[in-house]
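Only one structure is covered here, and it is reproduced in the block below.
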Amino acid sequence: MKEEQKTEKKENADFFKKVEALGLKQAQLEEMLYTMYLIRRFERMADQLYAAGKVHGTMHLSAGQEAVAVGLGLAVQDDDYLVNHHRGHGHFIAKGADVNLMMAEFLGKENGYCRGRGGSMHIADVEANNLGANGIVGGGFPLAMGAGLAVQMQKADQIVLGIFGDGSTNEGVFHESLNMAALWKLPVLFICENNKYGMSMDVEQVIAKLPIAQRADAYGIPWELVDGNDVVAVFDVMNKAVAHVRAGNGPYFVEAQTYRYFGHSKSDRNLYRSQEEIAAWREKDPIFRFRAALREANLITEETADELNEKANGVIESAVEFAENSPEPNVNTLMEYVYA
Amino acid sequence: MPEMTYLEAIRSALQYEMRQDERVFIIGEDIGVYGGAFGATFGMLEEFGPERIRETPISEAGIMGAATGAALVGMRPVAELMFMDFVLLALDQLANQAGKARFMFGGKATVPLVVRMPGGSGSGAAAQHSQSLESILMHFPGIKVVNPSTAYDAKGLLLSAIRDPNPVVFVEHKLLYKTKGEVPEEEYTIPIGLADIKREGRDITVVANNIMVKKTLAVAEELAEEGIEVEVVDLRTMRPLDVGTITSSVKKTGRLLVVHEACQTGGWAGEIMAIVSAHDAFNYLDAPMRRLAGADVPIPYNRLLERAAVPQEEDIAREIRAIMSNKY
Ligand SMILES: Cc1ncc(C[n+]2csc(CCOP(=O)(O)OP(=O)(O)O)c2C)c(N)n1
Chain A
352 MKEEQKTEKK ENADFFKKVE ALGLKQAQLE EMLYTMYLIR RFERMADQLY
402 AAGKVHGTMH LSAGQEAVAV GLGLAVQDDD YLVNHHRGHG HFIAKGADVN
452 LMMAEFLGKE NGYCRGRGGS MHIADVEANN LGANGIVGGG FPLAMGAGLA
502 VQMQKADQIV LGIFGDGSTN EGVFHESLNM AALWKLPVLF ICENNKYGMS
552 MDVEQVIAKL PIAQRADAYG IPWELVDGND VVAVFDVMNK AVAHVRAGNG
602 PYFVEAQTYR YFGHSKSDRN LYRSQEEIAA WREKDPIFRF RAALREANLI
652 TEETADELNE KANGVIESAV EFAENSPEPN VNTLMEYVYA
Chain B
15 MPEMTYLEAI RSALQYEMRQ DERVFIIGED IGVYGGAFGA TFGMLEEFGP
65 ERIRETPISE AGIMGAATGA ALVGMRPVAE LMFMDFVLLA LDQLANQAGK
115 ARFMFGGKAT VPLVVRMPGG SGSGAAAQHS QSLESILMHF PGIKVVNPST
165 AYDAKGLLLS AIRDPNPVVF VEHKLLYKTK GEVPEEEYTI PIGLADIKRE
215 GRDITVVANN IMVKKTLAVA EELAEEGIEV EVVDLRTMRP LDVGTITSSV
265 KKTGRLLVVH EACQTGGWAG EIMAIVSAHD AFNYLDAPMR RLAGADVPIP
315 YNRLLERAAV PQEEDIAREI RAIMSNKY
C-alpha cells in the first residue's frame with residue numbers, strides 16, 4: 352500500500368472512531384450535512400436576489416463558515432438564548448429558525464421575522480429565545496452578559512450563546528462584558544467566529560496579541576481554539592464548553608477559526624486579500640470536507656448526500672417563493688411597535 | 015470648472031490639506047486599501063502611507079479619543095466614523111472630552127479635530143445605520159457641526175473644518191455621495207457659520223439641511239410653475255447657526271417652513287423656530303411657522319416604510335402649499 356493511502360485509511364478510521372465516541376448517530380450526521388447545505392443555499396440565494404435587484408439594503412453572508420453554526424447548533428438546547436451578530440444567517444438556521452420567515456424578512460415583508468422592519472441585520476425571534484442579530488459591531492456582548500444575568504437570577508437551566516466576529520473583540524464592551532460575566536459566573540458561552548478579517552482588516556493588523564481567545568485569560572475564563580471548518584471538531588469542543596457553562600461554572604470562550612468566501616458586504620471590492628488565499632481556504636471547505644469524510648467512512652452514500660443537497664435547494668427555492676408572495680407592510684403602520 | 019461628485023470633493027479637500035500640512039492625518043476603520051465603507055479615502059494610502067492613513071481596530075471610542083489626544087498635542091486629525099450611528103459609541107470622547115477640554119482648562123488648550131460621518135436613510139441599511147443625529151451633536155457647547163449639501167460646499171467646508179481650531183463634526187449624507195457639481199481644483203474655503211441661499215424667492219422661506227436642500231430645490235422648481243416662489247436657505251452649518259440669514263429671509267417672505275430628516279422630537283427645527291419667535295422677524299410672519307421632519311420612529315428596513323419615515327418631495331410640496339393657502 353502506498354504511504355498516502357495508508358494515512359488516508361487511518362484518517363477514515365479516526366473519523367469513524369471520533370464520531371462514534373461523540374455518540375453521533377447516522378441520522379444526526381445526515382442532519383448536520385443537510386443543515387450546512389441549507390445555510391450555503393440560503394447565502395447563495397441571498398446573493399442572487401441581491402444581484403437581481405430584489406433586495407433593498409445590505410447583508411453579510413456566511414458561506415464558508417457553516418461548520419461553526421452547525422457544530423454549535425447541535426450541541427445546545429432549543430431554548431438556549433442566542434445573541435447573534437451581523438453575519439448571523441447560519442446560526443439562526445442551525446438553531447432551527449424558519450427559513451421562510453428569514454427570507455421574508457430579508458425581502459422586507461410583513462410576515463418576516465421582524466415584520467420587515469429589521470432586515471438581514473436584525474433578524475430576531477424573541478419567542479424562540481433568539482435575541483437578534485446586531486448592526487452595531489460588539490453591540491451584543493453586554494446583551495449576552497445581561498441575558499446570562501437574568502438566567503442566573505431566574506435559576507433556569509438555559510445558557511446564553513454570544514456569537515461575534517474577530518474584529519468585534521476590539522470594542523471596549525468586549526472586555527467589560529467578559530469581566531462582568533466572569534465576576535458573576537454567568538452562564539454565557541462566548542463564541543468568536545474568527546474568519547480572519549473584519550471588513551478588510553486582517554486580525555494580525557488589529558489585534559496586539561493572538562490568538563484572540565487568550566484574552567479570556569485576563570478574566571480567568573477558560574478558552575479553547577478549534578478548527579472552524581471541521582464540523583465534528585466544533586461539535587466536540589462546543590459540547591464540552593456547553594457542559595461547563597450549564598453546570599454553573601461560569602463563562603467559557605471558544606474561538607473557531609474559519610473563513611468567509613463572499614465579500615464583507617456589497618461595498619467590498621476584495622482588494623485586501625488574494626485570490627490564492629481564497630482558493631486555499633476553499634480547499635478546506637467545511638461542507639466538502641465533511642461530506643468526503645462521511646463518504647470515506649461509509650457513513651453516507653453519494654446518492655443520499657446529493658439528495659440532501661437537493662432537498663436544501665428545494666427548501667430555499669420555496670422560501671423565496673413564500674417571501675416573494677408575501678405582502679409588503681402597510682405604510683399606515685409606520686408608527687407601530689415603537690413603544691409597548 | 016471640473017465636475018466632481020460630493021465624495022470626490024471630500025477626497026479632494028483631504029488630499030489638498032494633507033499635501034500642505036503635515037500635521038493632518040486621517041484615522042478610522044478600513045480607510046486604507048478598502049478606502050472606507052463609501053470610498054472617501056480610496057487610493058489615498060498609496061500617496062500618504064499607513065502613518066497618515068491610520069487604520070484602526072473596530073474601536074470608535076478609541077478612534078475619537080486618539081484624535082482628541084493627538085489634537086491636544088499639536089496634530090490635526092480627521093477621524094472617520096463609518097456611519098453616523100457609531101458616533102454614539104464615541105460620544106464620551108467627543109462630547110465629554112474634545113468638546114469641553116478648552117473650556118475646562120480655562121481656554122488654555124485647543125482641540126483642532128474633524129470627525130466625518132455619513133448619516134441619513136434611503137439605502138435600506140435599517141435602524142442602526144440610517145440615523146440623522148445632527149440635532150444631538152448640536153447640543154454640545156464647544157463643538158461645531160457642519161453639514162454640506164453640495165459637492166462645492168463639501169470641499170470648501172471641509173478645508174475650513176480642518177483649519178478650525180475647534181472640534182468640528184462634519185456630517186455627510188449617504189445619498190449625496192454620488193451627486194455631482196462644479197468644484198474648483200484649487201483651494202477655496204467656505205466659512206463655518208454661514209448659511210447659503212440656494213434659491214431666492216419672495217413667498218416662503220424653507221430652511222433645510224443636506225439631502226433636504228436637494229429635495230426642496232426640486233420642489234421649488236415645480237411650485238414656481240404654480241406661481242409660488244420658494245426661497246431655499248441651506249443651513250450648511252448647524253452650530254454656530256447663522257441667525258442673520260434665516261431671520262432676514264423670513265422678514266422678506268413672511269413665511270417659514272423648516273425641513274429636516276432627523277426625528278422631529280428634539281430636532282433642530284425647534285431651535286430655528288424658537289429663534290424666529292423671539293426675534294423681530296416674528297412680526298413679519300403672515301402665517302404660522304411649520305416644520306416637516308422625520309417621523310419619531312427608528313428607520314425601518316422595508317423600502318416603503320423607510321421612504322414614509324422621512325420627508326419626501328411630495329410632503330415638502332404639500333406643506334408649502336398648505337402654508338401658502340393657510341390650510342393645514
Ligand atoms: C460599532 C460598529 N463599527 C463598525 C461597523 C461597521 N462594520 C460592520 S461589520 C464590520 C466588521 C466586523 O468584523 P468581525 O467582527 O470580524 O465580523 P465579520 O464581519 O468578519 O463576520 C464593520 C467594521 C459597525 N457595524 N458597527
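Chains A and B supply the protein sequences, listed in that same order.
All residue numbers for the first sequence refer to this note's numbering, where the first residue is 352 and numbers rise by one.
All residue numbers for the second sequence refer to this note's numbering, where the first residue is 15 and numbers rise by one.
For glycine and all other residues, C-beta sits at the position ideal for the given N, C-alpha and C.
Cross-strand partners of residue i (DSSP beta bridge)
| i | result |
| --- | --- |
| residue 432(A) | 511(A) |
| residue 343(B) | Because chain B in this structure spans residues 15 to 342, residue 343(B) falls outside the shown range and cannot be described. |
| residue 452(A) | None, per the DSSP bridge assignment. |
| residue 541(A) | 513(A), 604(A) |
| residue 481(A) | 433(A), 476(A) |
| residue 222(B) | 248(B), 273(B) |
| residue 158(B) | 182(B) |
| residue 308(B) | 277(B) |
Cutoff 7 Å: residue i Cβ touching any chain A Cβ
| i | result |
| --- | --- |
| residue 143(B) | yes |
| residue 105(B) | no |
| residue 30(B) | no |
| residue 25(B) | no |
| residue 319(B) | yes |
| residue 311(B) | yes |
| residue 225(B) | no |
Per-residue DSSP class, three states only, for residue i
| i | result |
| --- | --- |
| residue 608(A) | strand |
| residue 18(B) | strand |
| residue 91(B) | strand |
| residue 282(B) | coil |
| residue 39(B) | strand |
| residue 257(B) | helix |
| residue 54(B) | coil |
| residue 24(B) | helix |
| residue 298(B) | helix |
| residue 468(A) | coil |
Separation of residue j from residue i, as counted between CA atoms
| i | j | result |
| --- | --- | --- |
| residue 614(A) | residue 180(B) | 38 Å |
| residue 184(B) | residue 224(B) | 11 Å |
| residue 603(A) | residue 491(A) | 16 Å |
| residue 455(A) | residue 470(A) | 9 Å |
| residue 542(A) | residue 162(B) | 42 Å |
| residue 58(B) | residue 46(B) | 7 Å |
| residue 245(B) | residue 212(B) | 8 Å |
| residue 476(A) | residue 269(B) | 49 Å |
| residue 295(B) | residue 261(B) | 6 Å |
| residue 52(B) | residue 131(B) | 11 Å |
| residue 616(A) | residue 250(B) | 32 Å |
| residue 366(A) | residue 411(A) | 32 Å |
| residue 164(B) | residue 452(A) | 41 Å |
Neighbour flag for residue i against chain B, beta carbons, 7 Å
| i | result |
| --- | --- |
| residue 550(A) | yes |
| residue 562(A) | no |
| residue 409(A) | yes |
| residue 482(A) | no |
| residue 542(A) | no |
| residue 472(A) | yes |
| residue 685(A) | yes |
| residue 679(A) | yes |
| residue 660(A) | no |
Heavy atom of ligand 1 within 6 Å of residue i beta-carbon
| i | result |
| --- | --- |
| residue 435(A) | no |
| residue 438(A) | yes |
| residue 580(A) | no |
| residue 550(A) | yes |
| residue 100(B) | yes |
| residue 96(B) | yes |
| residue 430(A) | no |
| residue 546(A) | yes |
| residue 488(A) | yes |
| residue 106(B) | no |
| residue 88(B) | no |
| residue 519(A) | yes |
| residue 523(A) | no |
| residue 43(B) | yes |
| residue 516(A) | yes |
Heavy atom of ligand 3 within 6 Å of residue i beta-carbon
| i | result |
| --- | --- |
| residue 72(B) | Of the ligands this structure carries, namely ligand 1, none is ligand 3. |
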